[in-house]
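Novice: Residue numbers (numbering that gives the first Met the number 0), protein chains in the order written: chain A, 0 to 348; chain B, 0 to 504.
Backbone N, C-alpha and C define an ideal beta-carbon position, used for all residues, glycine too.
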Amino acid sequence: MRLERRAHRPLVLVLLAPVIAIVTALAISGVLIAIAGAPVLEAYRLIITGAFGTRLGFTETLTRATPLMLTGLAAAVAFRARVWNIGAEGQFYLGAIAVAAVAATVFSGWPPYLLIPSSLMVGAIAGMVTLLVPLGLRLRFGVDEVVTSLLINFVVVLFVSMMIEGPLKDPLAFGWPQSIPVGADAMLPKLIDRTRLHIGLLIAIVVAVLVYFLQSRTVFGMQSRAAGLSPTAATFAGVPLAKTLIKVACLSGGLAGLAGAIEVTGVKGYVTTDLSPGYGYSGIIVAMLANLHPIGVIAAALFTAAMFVGADSMGRALGIPSYIADVTVSLSLLTMLVSIFFTQYRIRR
Amino acid sequence: MTAHPVLRLSGITKRFGTTLANDAISIDLAPGEVLALLGENGAGKTTLMSILFGHYTPDAGTVEVAGAQLPPGKPRAAIRAGVGMVHQHFSLAANLTVLDNVMTGTESLWQLKSSTSKARRELLSIAERFGLKVNPDTRVGDLSVGEQQRVEILKALYNDAKILILDEPTAVLTNIEAETLFATLRVMAQNGLSLIFISHKLNEVMAAADRVVVLRGGKVVAERLAAATSRAELAELMVGRRVARPVREAATSGPILLEAINLDVGRRLSGINFAVRAGETLGIIGVSGNGQTALGHLVSGLVQHSGGELRLFDHAVNQTSVRALIEAGIGRIPEDRNAEGAIGEMAIWENAVLERIWEFSRHGLVDRRAARQFAAQIIEGFDVRGGTPDSRTRLLSGGNMQKLILGRNLQSRPRILIAAQPTRGLDEGAIAAVHTRILEARRAGTGVLLISEDLDEVVSLADRIQAIVKGRLSPPVPAEQADARMLGLMMAGDWPQDGTLAHAS
Numbered sequence: 000m001r002l003e004r005r006a007h008r009p010l011v012l013v014l015l016a017p018v019i020a021i022v023t024a025l026a027i028s029g030v031l032i033a034i035a036g037a038p039v040l041e042a043y044r045l046i047i048t049g050a051f052g053t054r055l056g057f058t059e060t061l062t063r064a065t066p067l068m069l070t071g072l073a074a075a076v077a078f079r080a081r082v083w084n085i086g087a088e089g090q091f092y093l094g095a096i097a098v099a100a101v102a103a104t105v106f107s108g109w110p111p112y113l114l115i116p117s118s119l120m121v122g123a124i125a126g127m128v129t130l131l132v133p134l135g136l137r138l139r140f141g142v143d144e145v146v147t148s149l150l151i152n153f154v155v156v157l158f159v160s161m162m163i164e165g166p167l168k169d170p171l172a173f174g175w176p177q178s179i180p181v182g183a184d185a186m187l188p189k190l191i192d193r194t195r196l197h198i199g200l201l202i203a204i205v206v207a208v209l210v211y212f213l214q215s216r217t218v219f220g221m222q223s224r225a226a227g228l229s230p231t232a233a234t235f236a237g238v239p240l241a242k243t244l245i246k247v248a249c250l251s252g253g254l255a256g257l258a259g260a261i262e263v264t265g266v267k268g269y270v271t272t273d274l275s276p277g278y279g280y281s282g283i284i285v286a287m288l289a290n291l292h293p294i295g296v297i298a299a300a301l302f303t304a305a306m307f308v309g310a311d312s313m314g315r316a317l318g319i320p321s322y323i324a325d326v327t328v329s330l331s332l333l334t335m336l337v338s339i340f341f342t343q344y345r346i347r348r
Numbered sequence: 000m001t002a003h004p005v006l007r008l009s010g011i012t013k014r015f016g017t018t019l020a021n022d023a024i025s026i027d028l029a030p031g032e033v034l035a036l037l038g039e040n041g042a043g044k045t046t047l048m049s050i051l052f053g054h055y056t057p058d059a060g061t062v063e064v065a066g067a068q069l070p071p072g073k074p075r076a077a078i079r080a081g082v083g084m085v086h087q088h089f090s091l092a093a094n095l096t097v098l099d100n101v102m103t104g105t106e107s108l109w110q111l112k113s114s115t116s117k118a119r120r121e122l123l124s125i126a127e128r129f130g131l132k133v134n135p136d137t138r139v140g141d142l143s144v145g146e147q148q149r150v151e152i153l154k155a156l157y158n159d160a161k162i163l164i165l166d167e168p169t170a171v172l173t174n175i176e177a178e179t180l181f182a183t184l185r186v187m188a189q190n191g192l193s194l195i196f197i198s199h200k201l202n203e204v205m206a207a208a209d210r211v212v213v214l215r216g217g218k219v220v221a222e223r224l225a226a227a228t229s230r231a232e233l234a235e236l237m238v239g240r241r242v243a244r245p246v247r248e249a250a251t252s253g254p255i256l257l258e259a260i261n262l263d264v265g266r267r268l269s270g271i272n273f274a275v276r277a278g279e280t281l282g283i284i285g286v287s288g289n290g291q292t293a294l295g296h297l298v299s300g301l302v303q304h305s306g307g308e309l310r311l312f313d314h315a316v317n318q319t320s321v322r323a324l325i326e327a328g329i330g331r332i333p334e335d336r337n338a339e340g341a342i343g344e345m346a347i348w349e350n351a352v353l354e355r356i357w358e359f360s361r362h363g364l365v366d367r368r369a370a371r372q373f374a375a376q377i378i379e380g381f382d383v384r385g386g387t388p389d390s391r392t393r394l395l396s397g398g399n400m401q402k403l404i405l406g407r408n409l410q411s412r413p414r415i416l417i418a419a420q421p422t423r424g425l426d427e428g429a430i431a432a433v434h435t436r437i438l439e440a441r442r443a444g445t446g447v448l449l450i451s452e453d454l455d456e457v458v459s460l461a462d463r464i465q466a467i468v469k470g471r472l473s474p475p476v477p478a479e480q481a482d483a484r485m486l487g488l489m490m491a492g493d494w495p496q497d498g499t500l501a502h503a504s
């Protein structure tokens, strides 16, 4: 038995691969549900109704999917150009805290149509800067950005802690460590009243389409792909390697920073150290599930968010740990990687 | 030869999808014989050897070693029966020593004591016997390509190989290394080993083999004793039709287009002088690793000169860039088409336009229609087979990929063509096609700078020849005056060390 590379990737297989992967992952987590002593089919039903069946559940899934789309895009854009940005979590938090710092202070009194875009922009720029540090180290000294971008996450989270315990601490929060609020004018409009769902979802979808356009139709997209696939061939073809990677890093870091900015101005209105339940890291999974395709990221983010929300409510209803969601999402990443592999290779005897 | 074959392949058939890679192939190998398996890329040579070595299971047919049939699809059984294989791409661990590499896989995993000193003695005695000099304690990563190949051969011999298969052994070697290898093969044959070497190069087949089996389209089309055949006959048998490399006619050279005066590139090139004229080919010969890469990169806009003067169309150039050179009308064929010339995972049309993307984009948007059209023109005009503008470039064979690279440069009629190792690793048919195109461009007035390690190629294409040795260039000699002895001396660095001679012709 040996593996053989396929000459073409059949479209049917490419579309079917994620479905097969997710079904397999659900089947395996079914075993774990059974071991936990819950009825498996009932659990599946509760996951689905929990994530989609009620108004509250459905809007919650969409709300959770919003930052995942943006961090997923951040990872997808970077990975395509072989910039290993593992630091979306840090970029997310720095984007968030930057918005909290300026929205109610520097920008105070601005009309919403100016305030909201400027705040989001500030968040995106903060994310960019966070990623430009590790990329600069790579370009200048050849330091592996996997390590540096990951380590910066911890630096940023501690910095955010320092800010919300110190200069940006909300004096009206009864001593809770949280930042000063961004203010009502800076808050993103709700998409549906009396839910947490906000206009950030639409922004994320539009951004995904824009990223798709950027990658498939522009010179920048072509050059960044070339730079990722073969730096030597790209150099020979006159692609400015460093410049292209810097642009990629700005885009990737900017997207992750934007995710943080949108989460602050869309949901909570202030920053705490539990603003993100690992959105930055889950973004990597989302990007891999989507096979780095920007439109696929939308679907992958919805799936991941649905699993978290659905498993949460299933866990509460059946009294089993909601960690089952983490397991299922991780399993589906593994099965997805295997099925993507088999769209490219086949087994021969 | 003796009546009893050490190896007998009978009726080997292997089908991949709809293509018949091997069609009822039968071959015998006598002890102490050097057999060449000659065929173009895709003739089925490598498939056949993979079946012999147990990497593939044949659809029909058997492999017998010394009269005993080998179980199909079992590499271990093949090794145990004394079949050794030296792959084109070595399977060595660069971070281990020579001795470690040779011993890998020969010891039981559960054995606590490693018998290193015994292995070392054995390795040295094998090396001695076959004249394969090597230091067992060097890290493989520090060895030259030729030496690494020696380690591969030693590894096979250490495993008691009686039959050694070499897959395109000279593809990665310099001429001198190749000659050393052939001498080694002779010694091994005299010691009773049987050898099969796979090749598509006529010269080396004639030089090294006792017997030649020619494969074409998965079939054995002919079998000849090397002493009783000729290059021309083998070429015709291999390609299936008469192929002749095109012949250069006299040049009508025009003004100087590209000129280097006492040029330095760091420490890699020092004080070089050359001049490329319109309608003329300047050939640079030399043994690999003497500065060819730096020279190619300099005139391709990848590195800058650090001293002297570079003149383009009679103007001094201080700072070059890829874009500036392409816009000035310089076509560039890189020496390594897989690493530099094309990106396998990108579409053919993308590879066609990537280096001149500004011509196919507006406001940062790629004009995909024009780009596809450009690619289609190249495919049509340069006979690129095996793909449409939208298929992935890695699906193209080496020859077709090179035609694509040639096409994207020649389509826009460059004034200067830089061709670095333009036919390295290509088969006869593709070589003839590439040569024809280069001569055509020259006839149309393009000045060609040909950098090649293939002496035959330079002699047949170039009007003037210079040798590159340790980063220095010899003065040019007209091709008519160059004979093998003179070129040999030039490549050895034996010329008057006086830069002014460069302008003498």
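(1) What is the DSSP secondary structure of B/K44, reduced to helix, strand or coil?
(2) Less than 8 Å separating the beta-carbons of A/L317 and A/A33?
(3) How big is the Cα-Cα spacing for A/A232 and A/V18?
(4) Measure from the C-beta of B/S90 to each C-beta in chain A and report whether the shortest distance is under 8 Å.
(5) Is A/V105 helix, strand or coil when you go by DSSP?
(6) Report yes if the CB atom of B/L448 is closer than 8 Å to the CB atom of B/P245, and no otherwise.
(7) Is the beta carbon of B/L165 sitting closer than 8 Å to the one on B/V85?
(8) From the DSSP output, which residues share a beta bridge with B/A346?
(9) Using the three-state DSSP reduction, which class does B/A418 fall into: helix, strand or coil?
(10) Since B/V212 contacts B/V219 with CB under 8 Å, what's their CB separation in whole angstroms?
(11) Over the uninterrupted beta strand (DSSP E) stretch that includes B/Q465, give me the two end residues.
(12) For A/E3, which of helix, strand or coil comes out of DSSP?
(13) Is the distance from the Cβ of A/G279 to the Cβ of A/G122 below 8 Å?
(14) What separation, rounded to the nearest whole angstrom, lies between the Cα atoms of A/W109 and A/A125?
(15) Near B/V316, what residues of its chain come up, given a Cβ to Cβ distance below 6 Å and the 5 sequence neighbours on each side ignored?
(16) Just list the residues that DSSP pairs B/G282 with in beta bridges.
(17) Which residues in the same chain as B/L153 place their Cβ atom closer than 7 Å to its Cβ, once the five residues preceding and following it in sequence are excluded?
(18) From B/V275, B/N261 and B/G265, pick the residue whose C-alpha is nearest to that of B/S252; which is it?
(19) Pull up the DSSP beta-bridge partners for A/V154, would you.
(20) Closer than 7 Å by beta-carbon distance: list the chain B residues that pair up with A/T217, in chain order.
(21) Assess, as a yes-or-no matter, whether the segment 50-59 of chain A is touched by the segment 301-311 of chain A under the definition of 3 or more beta carbon pairs within less than 8 Å.
(22) Does the CB of A/A172 have a neighbour CB from chain B at under 8 Å?
(23) Helix, strand or coil for B/L500 per DSSP?
(24) Which two residues bound the contiguous alpha helix (DSSP H) that contains A/L244?
(25) Between A/V98 and the rest of its own chain, which residues show a CB-CB distance below 7 Å, the 5 nearest in sequence each way excluded?
(26) Can you name the start and end residues of the beta strand (DSSP E) that B/I260 belongs to?
(27) Compute the Euclidean distance between the alpha carbons of B/A160 and B/R128, then round it to the nearest angstrom.
(28) Please name the residue or residues paired with A/T217 in a DSSP beta bridge.
(29) By the criterion of Cβ-Cβ separation under 9 Å, what are the contact partners of B/L311 in chain A?
(30) Determine the DSSP secondary structure at A/L332, reduced to helix, strand or coil.
(31) Given that a residue counts as buried once 16 or more other Cβ atoms are within 10 Å of its Cβ, and exposed if not, what is B/A374?
(32) Any idea what DSSP makes of B/A80, helix, strand or coil?
(33) In the structure shown, what three-state DSSP assignment does A/Y322 receive?
(34) Take B/G295 and list the residues in its own chain whose beta-carbon comes closer than 6 Å to its own, dropping the five residues that flank it on each side.
(35) Is it buried or exposed for A/M161, if we count other Cβ within 10 angstroms and need 16 for buried?
(36) Among the residues of its own chain, which have a CB less than 6 Å from the CB of A/I96, if the five just before and after it don't count?
Specialist: Based on what the coordinates show:
(1) Counting from one through the second sequence, the residue named residue 44 of chain B turns up at place 45. It is helical.
(2) Here residue 317 of chain A refers to the residue found at position 318 when the first sequence is read from its first residue. Here residue 33 of chain A refers to the residue found at position 34 when the first sequence is read from its first residue. No, these two residues do not count as a Cβ contact at 8 Å.
(3) Translated into positions along the first sequence, residue 232 of chain A becomes position 233. Translated into positions along the first sequence, residue 18 of chain A becomes position 19. Rounded to whole angstroms, A/A232 to A/V18 spans 36 Å at the Cα level.
(4) Reading the second sequence from its first residue, position 91 is the one you call residue 90 of chain B. It does not; no Cβ of chain A falls within 8 Å.
(5) Numbered from its first residue, the first sequence carries residue 105 of chain A at position 106. In this structure, A/V105 counts as coil in the three-state DSSP scheme.
(6) Here the question's residue 448 of chain B lines up with position 449 in the second sequence. Here the question's residue 245 of chain B lines up with position 246 in the second sequence. Not closer than 8 Å, so no.
(7) On the second sequence, position 166 is the one that residue 165 of chain B refers to. On the second sequence, position 86 is the one that residue 85 of chain B refers to. In this structure, B/V85 lies closer than 8 Å to B/L165 by Cβ.
(8) Stepping through the second sequence from its first residue, residue 346 of chain B is reached at position 347. The secondary-structure analysis by DSSP pairs B/A346 across a beta bridge with B/R391.
(9) As a working mapping, residue 418 of chain B is identified with position 419 in the second sequence. Three-state DSSP puts B/A418 in a strand.
(10) For the purposes of this step, residue 212 of chain B is identified with residue 213 of the second sequence, where counting begins at 1. For the purposes of this step, residue 219 of chain B is identified with residue 220 of the second sequence, where counting begins at 1. The C-beta distance from B/V212 to B/V219 rounds to 6 Å, short enough to meet the 8 Å contact threshold.
(11) Counting from one through the second sequence, the residue named residue 465 of chain B turns up at place 466. Per DSSP, the unbroken beta strand (DSSP E) holding B/Q465 starts and ends at R463 to V468.
(12) Start at 1 with the first residue of the first sequence, and residue 3 of chain A comes out as number 4. Note: A/E3 maps to strand in three-state DSSP.
(13) Residue numbering aside, residue 279 of chain A sits at position 280 when the first sequence is read from its first letter. Residue numbering aside, residue 122 of chain A sits at position 123 when the first sequence is read from its first letter. Against a cut-off of 8 Å, the Cβ pair of A/G122 and A/G279 comes out as no contact.
(14) In the first sequence, residue 109 of chain A corresponds to position 110, counting from 1. In the first sequence, residue 125 of chain A corresponds to position 126, counting from 1. If you draw a straight line from the Cα of A/W109 to the Cα of A/A125, it is about 21 Å long.
(15) The residue labelled residue 316 of chain B in the question sits at position 317 within the second sequence. If we look at B/V316 and ignore the five residues flanking it on each side, its Cβ neighbours are L309.
(16) For the purposes of this step, residue 282 of chain B is identified with residue 283 of the second sequence, where counting begins at 1. In the DSSP output, where bridge partners are listed per residue, B/G282 has B/L449 and B/I464.
(17) Numbered from 1 along the second sequence, position 154 holds the residue referred to as residue 153 of chain B. Counting only Cβ-Cβ distances below 7 Å, and skipping sequence neighbours, we find V101, L122, I125, A126, L131 and V133.
(18) Counting from one through the second sequence, the residue named residue 252 of chain B turns up at place 253. The shortest Cα separation from B/S252 among B/V275, B/N261 and B/G265 belongs to B/V275.
(19) Locating residue 154 of chain A in the first sequence gives position 155, counting from the first residue. Beta-bridge analysis with DSSP links A/V154 to no other residue.
(20) To locate residue 217 of chain A, count along the first sequence from 1; it is residue 218. The contacting residues are G363, L364 and V365.
(21) Touching, yes, given that three or more Cβ pairs across the two stretches are closer than 8 Å.
(22) In the first sequence, residue 172 of chain A corresponds to position 173, counting from 1. Taking 8 Å as the threshold, the shortest C-beta distance from A/A172 to chain B does not fall below it.
(23) Locating residue 500 of chain B in the second sequence gives position 501, where the first residue counts as 1. Bear in mind that a pLDDT of 43 at B/L500, under 50, signals an unreliable position, so the number given afterwards is only what the model happens to contain. When DSSP states are grouped into helix, strand and coil, B/L500 belongs to the helix group.
(24) What you label residue 244 of chain A is simply residue 245 of the first sequence in a count that begins at 1. Residues L240 to E262.
(25) Along the first sequence, one-based indexing puts residue 98 of chain A at 99. Answer for A/V98: S118, V121, G122, V181, A260, V263 and T264, listed in chain order.
(26) The residue given as residue 260 of chain B occupies position 261 in the second sequence. Counting along the chain, the beta strand (DSSP E) containing B/I260 begins and ends at I255 to V264.
(27) Mapped onto the second sequence, residue 160 of chain B falls at position 161. Mapped onto the second sequence, residue 128 of chain B falls at position 129. Those two C-alpha atoms are separated by around 14 Å.
(28) The count along the first sequence starts at 1 and reaches residue 217 of chain A at position 218. DSSP, once it has assigned bridges, lists B/L364 as partnering A/T217.
(29) As a first step, residue 311 of chain B is located in the second sequence; it is residue number 312 there, counting from the start. Those within 9 Å of B/L311 in chain A number zero; the least Cβ separation is about 16 Å.
(30) To locate residue 332 of chain A, count along the first sequence from 1; it is residue 333. Helix at A/L332.
(31) Residue mapping note: residue 374 of chain B aligns to position 375 of the second sequence, counting from 1. Counting C-beta atoms within 10 angstroms of its own C-beta, B/A374 has 16 or more neighbours from the protein chains shown and is therefore classed as buried.
(32) The residue given as residue 80 of chain B occupies position 81 in the second sequence. Here B/A80 sits in coil by DSSP.
(33) By one-based count along the first sequence, residue 322 of chain A stands at place 323. A/Y322: helix per DSSP, three-state reduction.
(34) Position 296 of the second sequence, counted from the first residue, corresponds to residue 295 of chain B. Cβ neighbours of B/G295 beyond the five flanking positions: E334, A419 and I450.
(35) By 1-based counting over the first sequence, the position of residue 161 of chain A is 162. Taking a 10 Å sphere around the C-beta of A/M161, we find fewer than 16 other C-beta atoms and assign the residue as exposed.
(36) Here residue 96 of chain A refers to the residue found at position 97 of the first sequence. The residues V159, M162 and V270, in chain order, have a CB closer than 6 Å to that of A/I96 in the same chain once the five nearest residues on each side in sequence are set aside.
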